[in-house]
Amino acid sequence: LAAEVKLVVKADQAGPVIHRNIYGQFAEHLGTGIYEGMWVGPESKIPNVRGWRKDVIGALKALHVPLVRWPGGCFADEYHWREGIGPRNKRPVKVNTNWGGVAENNAVGTHEFFDLAEQLGAEAYVNGNLGTGSPQEMAEWLEYMTAEGDSTLAQLRRKNGRDKPFRVHYFAVGNEAWGCGGNMRPDYYVDLYRQAATFFKTPPNNRPIFIASGGTGHQIEWTEAIAKRAKGVPVDAISHHAYTLPTSDWAKKGQAVNFPESEWVSTLANAQQIDAMIRENVAVLDKLDPSKKIGFYFDEWGSWYDPEPGSNPGFLVQRNTLRDALLSALHFNVFHEHAERVKMTNIAQMVNVLQAMILTTKDKMVLTPTYHAFAMYVPFQDATSLPATLEGNPVYKVDKFEMPTVSATAARGKDGKLYLGLVNAHAHDAQSLTVDIGKPVQAARGQLLTADKMDAQNELGKPAQVVPKAFEAKASNGQLKLTLPAKSVLVVALEP
Ligand code: AHR
Numbered sequence: 020l021a022a023e024v025k026l027v028v029k030a031d032q033a034g035p036v037i038h039r040n041i042y043g044q045f046a047e048h049l050g051t052g053i054y055e056g057m058w059v060g061p062e063s064k065i066p067n068v069r070g071w072r073k074d075v076i077g078a079l080k081a082l083h084v085p086l087v088r089w090p091g092g093c094f095a096d097e098y099h100w101r102e103g104i105g106p107r108n109k110r111p112v113k114v115n116t117n118w119g120g121v122a123e124n125n126a127v128g129t130h131e132f133f134d135l136a137e138q139l140g141a142e143a144y145v146n147g148n149l150g151t152g153s154p155q156e157m158a159e160w161l162e163y164m165t166a167e168g169d170s171t172l173a174q175l176r177r178k179n180g181r182d183k184p185f186r187v188h189y190f191a192v193g194n195e196a197w198g199c200g201g202n203m204r205p206d207y208y209v210d211l212y213r214q215a216a217t218f219f220k221t222p223p224n225n226r227p228i229f230i231a232s233g234g235t236g237h238q239i240e241w242t243e244a245i246a247k248r249a250k251g252v253p254v255d256a257i258s259h260h261a262y263t264l265p266t267s268d269w270a271k272k273g274q275a276v277n278f279p280e281s282e283w284v285s286t287l288a289n290a291q292q293i294d295a296m297i298r299e300n301v302a303v304l305d306k307l308d309p310s311k312k313i314g315f316y317f318d319e320w321g322s323w324y325d326p327e328p329g330s331n332p333g334f335l336v337q338r339n340t341l342r343d344a345l346l347s348a349l350h351f352n353v354f355h356e357h358a359e360r361v362k363m364t365n366i367a368q369m370v371n372v373l374q375a376m377i378l379t380t381k382d383k384m385v386l387t388p389t390y391h392a393f394a395m396y397v398p399f400q401d402a403t404s405l406p407a408t409l410e411g412n413p414v415y416k417v418d419k420f421e422m423p424t425v426s427a428t429a430a431r432g433k434d435g436k437l438y439l440g441l442v443n444a445h446a447h448d449a450q451s452l453t454v455d456i457g458k459p460v461q462a463a464r465g466q467l468l469t470a471d472k473m474d475a476q477n478e479l480g481k482p483a484q485v486v487p488k489a490f491e492a493k494a495s496n497g498q499l500k501l502t503l504p505a506k507s508v509l510v511v512a513l514e515p
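Under UniProt numbering, the residues of the sequence shown are numbered 20 to 515, in order.
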């Protein structure tokens with residue numbers, strides 16, 4: 020057991036609320052993320068509700084998924100919404116040019132997406148097409164979804180089965196404009212954003228949060244250009260992307276399983292870069308938007324490994340292990356710390372793609388370690404963050420890679436309880452932690468996620484190799500000491 024670390028929580032100093040949409044999800048028309056993974060169609064033998072798989076939707080509901088982003092990603096900038104409405108057998112079949120060149124039959128379109136969101140009880144985030152679309156196409160899509168009156172588009176929506184408008188909570192203008200969204204320069208994108216947003220005229224009670232598509236990683240120039248120049252039109256948030264690779268080489272990212280300890284550390288250390296990325300961009304915003312009107316969102320984050328051997332590389336299939344659970348918790352802890360500007364994020368992606376919650380094979384499914392990390396952190400949705408600092412936190416180092424051993428977050432849940440979210444990143448050593456919240460504590464109860472191997476995973480036939488176990492620690496004389504097992508995530512509620 021390594022030397023003791025102390026966690027000091029200012030339990031009486033409320034910070035910003037941790038918006039539940041920090042726990043948002045992303046579903047793109049990519050591989051089997053939507054088709055097969057979630058959508059099987061109403062005629063399928065796989066039990067479904069209006070085409071959406073019962074097993075998968077049921078499992079996602081247990082996560083309290085607050086928000087779903089759709090239809091992409093890169094796919095969004097080639098998506099034409101009119102091709103996804105009306106009778107499904109009449110919809111055009113296109114080529115999904117971004118993701119494997121497979122047929123896209125448009126079976127899931129606007130109405131099906133909102134049905135998914137409504138079945139999940141989630142808010143809807145629609146990503147508009149700036150790359151190959153036009154301001155008119157985006158404006159008309161918004162009208163189709165939100166118009167109340169008798170306009171032709173509102174009538175068309177009714178004819179297609181939806182009387183009341185859909186509630187569009189978020190709407191983004193393009194995606195990765197610096198890459199697959201059009202290879203633009205920031206200033207050019209801002210001009211196009213301004214042009215398009217001028218024509219977004221939704222009813223006041225159904226005005227989405229408008230999102231400008233920002234940069235990636237440590238870039239700040241997109242944030243700068245948008246915050247400086249997108250004046251006179253609504254810009255409620257800038258969305259940034261941050262993927263975590265074990266290496267820094269997109270051609271050889273690193274394997275999802277069977278990796279050395281150095282890649283365990285490099286991956287988790289790279290994940291923690293999210294903190295610097297946020298700080299760098301928030302510093303820009305604090306200068307250009309001191310009244311803090313503009314949010315800083317991550318509508319794509321998560322691990323990205325070499326594709327599963329034998330899979331279609333365009334489908335972005337990867338296994339999901341204990342490492343991914345820790346990676347998620349490390350992100351959550353950082354997002355909580357920046358809850359003032361970071362009010363929404365979406366993990367990439369929900370099912371079968373990249374760092375997924377669920378992996379399906381035909382009519383079977385398995386819940387990944389990432390799923391369990393999301394489930395454990397549910398009490399942090401809409402909780403009030405509390406300042407938390409770690410003292411004596413040792414450095415965990417392997418080869419040239421290093422990171423702080425422990426990561427921690429604290430919040431007052433909606434139920435009034437004080438919750439801690441803790442990660443011990445060390446692959447071998449347990450870590451002892453004393454908790455000081457300025458008053459006596461009797462016990463801590465919650466759930467612990469760990470496993471024997473760094474790359475432990477859940478598989479068909481072996482679905483419970485990485486699942487949370489009940490955890491309890493009693494305090495002595497009001498003093499709480501926890502032991503965090505090696506490579507673990509722990510979420511506990513403290514008992515006064
Ligand atoms: O999530 C997969 C892809 O990653 C998205 O389509 C794109 O926006 C990003 O490059």
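For each residue, glycine too, the CB sits at the ideal point set by N, CA and C.
- Under the three-state reduction of DSSP, Q138 is assigned to helix.
- In terms of side-chain proximity, the C-beta atom of E327 is found no nearer than 7 angstroms to any non-hydrogen atom of the ligand AHR.
- The DSSP-derived three-state label of N412 is coil.
- If the five residues before and after A166 are omitted, its C-beta is found closer than 8 angstroms to the C-beta atoms of L172, A173, R176, P184 and P222, all from its own chain and listed in chain order.
- Listed in chain order, the non-local C-beta contacts of I76 below 8 angstroms within the same chain comprise M57, V68, L135, Q138 and L139, local neighbours out to five positions each way being set aside.
- For the pair E282 and A462, the Cα-to-Cα distance works out to about 36 angstroms.
- Contiguous beta strand (DSSP E) elements confined to the stretch 458–492 occur at 462–468, taking only those with 3 or more residues.
- Closest by C-alpha distance to D268, out of Q155, N289 and H260, is N289.
- One thing to note: A246 has its Cβ no nearer than 8 angstroms to the Cβ of V301.
- Pairwise C-beta distances place the stretch 145–165 out of contact with the stretch 107–125, as fewer than three of them are shorter than 8 angstroms.
- By the criterion of at least three beta-carbon pairs nearer than 8 angstroms, the stretch 251–263 is not in contact with the stretch 395–404.
- Nearest in C-alpha terms to G103, of all of L49, N125 and K311, is N125.
- In this structure, the straight-line span from the alpha carbon of H445 to that of G432 is close to 28 angstroms.
- Taking 7 angstroms as the cut-off, the C-beta of F317 does not count as close to any heavy atom of the ligand AHR.
- When DSSP reads this structure, N443 sits in a beta bridge with V425 and S507.
- For V192, the enclosing beta strand (DSSP E) starts and ends at Y189 to V192.
- Taking C-beta atoms as the reference points, V370 and M363 fail to come closer than 8 angstroms.
- Its chain contains P388, L468, T469, A470, K472, M473, D474, A475, Q476, V485 and K506 as the residues whose beta carbon lies nearer than 8 angstroms to that of L341, once the 5 sequence neighbours on both sides are disregarded; these appear in chain order.
- Contact between the stretch 347–362 and the stretch 485–498 is absent: fewer than 3 CB-CB pairs across the two stretches fall below 8 angstroms.
- A straight-line Cα-Cα distance of about 12 angstroms links A402 and N40.
- Nearest C-alpha to L82 among V24, A270 and Q44: Q44.
- Beyond the five residues adjoining it in sequence on each side, E491 comes within less than 6 angstroms, by CB distance, of R464 in the same chain, given in chain order.
- Between M422 and L509, the C-beta gap is not smaller than 8 angstroms, which leaves the two residues out of contact.
- Cα atoms of T235 and W323: separation of roughly 14 angstroms, rounded to the nearest angstrom.
- Shortest gap from the CB of H260 to any heavy atom of the ligand AHR: under 7 angstroms.
- DSSP lists N67 as the bridge partner or partners of R72.
- With fewer than 16 other Cβ atoms from the protein chains shown falling within 10 Å of its own Cβ, T380 counts as exposed.
- Setting aside the 5 residues that flank it on each side, W320 is surrounded in the same chain by H260, A261, Y262, T263, I293, H350, T364, N365, I366 and A367, each with a C-beta closer than 8 angstroms to its C-beta; the list follows chain order.
- Comparing C-alpha distances from K493 to each of G480, V454, P504 and K481 shows the shortest one belongs to V454.
- The Cβ atoms of Y144 and F393 lie no closer than 8 angstroms to each other.
- Per DSSP, the continuous alpha helix (DSSP H) segment holding W241 begins and ends at E240 to R248.
- Relative to the ligand AHR, the nearest heavy atom lies less than 7 angstroms away from the CB of N194.
- Within the stretch 313–345, the complete beta strand (DSSP E) segments of 3 residues or longer fall at 314–322, listed in chain order.
- A Cβ-Cβ contact shorter than 8 angstroms links P154 with F218.
- In the three-state scheme derived from DSSP, where H, G and I count as helix and E and B as strand, G77 is classed as helix.
- Q337 and T424 have their C-alpha atoms spaced approximately 26 angstroms apart.
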